[in-house]
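By the count of our numbering, the sequence shown reaches residue 91 at its end, each step adding exactly one. Just so you know, even glycine gets a beta-carbon here, dropped at the ideal spot from N, CA and C. Model, not experiment: these values are computed from the prediction. Data first, discussion second: the structure below is written as structure tokens.
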Amino acid sequence: MALFMDVHHTIPEGADAAAVAQAHQADLSVQDKYGTQYLNYWLDADAGKIFCLVEAPDADTAAA
């Protein structure tokens with residue numbers, strides 16, 4: 028599998044670091060179903076972006 032950076036260009040209104048961490052946990056709970064492995068994530072609140080490093084079979088699966 029290849030590594031991909033899944034970039035979320037907007038943070039949902041009212042989401043804080045705890046909400047982003049919870050969303051990451053949700054990704055971890057379903058990653059086997061999609062054949063992905065979420066390795067890490069970063070929140071840039073000032074830029075309004077979330078970056079997720081994911082190992083996936085292809086770019087479409089990584090972004091799903």
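Worksheet entry | Those residues which DSSP pairs with Leu30 across a bridge | Translated into positions along the sequence shown, residue 30 becomes position 3. DSSP output for Leu30 lists Glu82 as bridge partner(s).
Worksheet item: What three-state label does DSSP hand His35 in the structure shown?
Response: Sequence index remark: in the sequence shown, residue 35 carries index 8 (1-based). Residue state for His35 is assigned as strand, using DSSP reduced to three classes.
Item to complete: Go through its chain and collect everything with a Cβ distance to Val81's Cβ below 6 angstroms, but skip five positions before and after it.
Response: Taking the sequence shown and counting its residues from 1, the one referred to as residue 81 is at position 54. Within the same chain, Val81 has close Cβ partners Phe31, Asp33, Thr63, Tyr65 and Ala89.
Fill in: Contact check, Ala83 vs Ala48, beta carbons under 8 angstroms
For this step, residue 83 is matched to residue 56 along the sequence shown. For this step, residue 48 is matched to residue 21 along the sequence shown. No.
Fill in: Tyr61 vs Ala86 beta-carbon contact at 8 angstroms
One-based indexing of the sequence shown puts residue 61 at position 34. One-based indexing of the sequence shown puts residue 86 at position 59. Ala86 sits away from Tyr61, with the two beta carbons spaced by 8 angstroms or more.
Worksheet item: Excluding sequence positions up to five away, which residues of its chain have a Cβ less than 6 angstroms from the Cβ of Tyr68?
Response: The residue given as residue 68 occupies position 41 in the sequence shown. Excluding its 5 nearest sequence neighbours in each direction, Tyr68 has C-beta neighbours in its own chain below 6 angstroms: His51 and Cys79, listed in chain order.
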